[in-house]
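A.B. asks: Below is one structure. I have some questions about it.
Protein chains in written order, with the working numbering: chain E, 1 to 107; chain A, 108 to 226.
In structure tokens form, the structure reads like this:
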């Protein structure tokens, strides 16, 4: 199975900051990589698919990059609504896997 | 508008069985992969099972293979997860989600349903 590792586990930032978080795959997944935002008690929300394509209705301050085994989610000009946990997911295989998440906290 | 609504959760004893349902609307159900994802208390998201458009292909995470069965009913637009031989570690919020048009990412999600396995 393909293992996905996210770091950091926790990220502290302020409104207006630019933040980056990383997702690493145990083997190449090409660009078959998605990012989700998840808030407690809510449904996860698709942000990015195909490593860099913006999901429907997602603000342009979110962007994704990378290919192969290393991927980055960038959030420009953090808004208060962005504080949540972020997960990457590979879909190179029918046996999908998620990373363990990066929790974005208010500094 | 795409809507996914899960139901069927609850409290079940270890070793017991339960079936979760997910009612889909607002899209052509038979044209999409569907998935179940779960989140145990205090843990991250874990993919559980995928089923293809016509229900002929299914895939499972190793920890549920042989115990869980995913299926689709295209006459009622319902996605199911039959769960047998339940264990404490199956306690989680279970989400159904729709596969994207360009791959097995998940572009629409339900609100989730809680399963508690405890004596």
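By construction, the Cβ of each residue, glycine as well, lies at the ideal position given by its N, Cα and C atoms.
#1: So, is residue 214 (chain A) buried or exposed, given that buried needs 16 or more other C-beta atoms within 10 angstroms?
#2: Does the beta-carbon of residue 82 (chain E) have 16 or more other beta-carbons within 10 angstroms, so that it is buried, or is it exposed?
#3: Excluding the 5 residues preceding and the 5 following residue 38 (chain E) in the sequence, name in chain order all residues of the same chain whose CB lies nearer than 8 Å to its CB.
#4: In chain order, which beta strand (DSSP E) runs of at least 3 residues are fully inside the segment 44-104 of chain E?
#5: Under DSSP, the beta strand (DSSP E) around residue 24 (chain E) begins and ends at which residues?
#6: Considering residue 179 (chain A), what are the terminal residues of the beta strand (DSSP E) in which it resides?
#7: With C-beta atoms as the reference, is residue 161 (chain A) less than 8 Å away from residue 137 (chain A)?
#8: Short check: CB of residue 153 (chain A) to CB of residue 71 (chain E), under 8 Å?
#9: Measure from the C-beta of residue 95 (chain E) to each C-beta in chain A and report whether the shortest distance is under 8 Å.
#10: Are three or more beta carbon pairs between the segment 16-35 of chain E and the segment 194-201 of chain A nearer than 8 Å?
#11: Entirely within the segment 139-213 of chain A and at least 4 residues each: give me those alpha helix (DSSP H) ranges in chain order.
#12: DSSP three-state label for residue 7 (chain E), please.
#13: Just how far apart, CA to CA, sit residue 67 (chain E) and residue 60 (chain E)?
#14: Helix, strand or coil for residue 12 (chain E)? Go by DSSP, reduced to three states.
#15: Between residue 3 (chain E) and residue 42 (chain E), what straight-line distance do the alpha-carbon atoms span, to the nearest angstrom?
#16: Cα-Cα, which of E:5, E:13, E:6, E:1 is closest to residue 79 (chain E)?
#17: How many angstroms separate the CA atom of residue 124 (chain A) from the CA atom of residue 193 (chain A)?
#18: Do the CB positions of residue 188 (chain A) and residue 94 (chain E) come within less than 8 Å of each other?
#19: With a threshold of 8 Å between beta carbons, is residue 98 (chain E) in contact with chain A?
#20: Answer yes or no: does any C-beta atom of chain D fall closer than 8 Å to that of residue 34 (chain E)?
#21: Out of A:132, A:118, A:148, which has the shortest C-alpha to C-alpha gap to residue 108 (chain A)?
#22: Determine the closest residue to residue 109 (chain E) out of E:65, E:73, E:56, with distance taken between C-alpha atoms.
#23: I want to see whether chain A comes within less than 8 Å of residue 50 (chain E), judged by CB atoms only; does it?
#24: Span of the beta strand (DSSP E) holding residue 113 (chain A)?
C.D. replies: Judging by the given coordinates:
#1: buried
#2: buried
#3: 44, 45, 84, 85, 86, 87, 101
#4: 45-49, 62-67, 70-75, 85-90
#5: 19-25
#6: 175-180
#7: yes
#8: no
#9: yes
#10: no
#11: none
#12: strand
#13: 20 Å
#14: strand
#15: 25 Å
#16: E:13
#17: 6 Å
#18: no
#19: yes
#20: Structure shown: chain D not included; protein chains present are E and A.
#21: A:132
#22: Because chain E spans 1 through 107 in this model, residue 109 (chain E) falls outside it and cannot be assessed.
#23: yes
#24: 110-114
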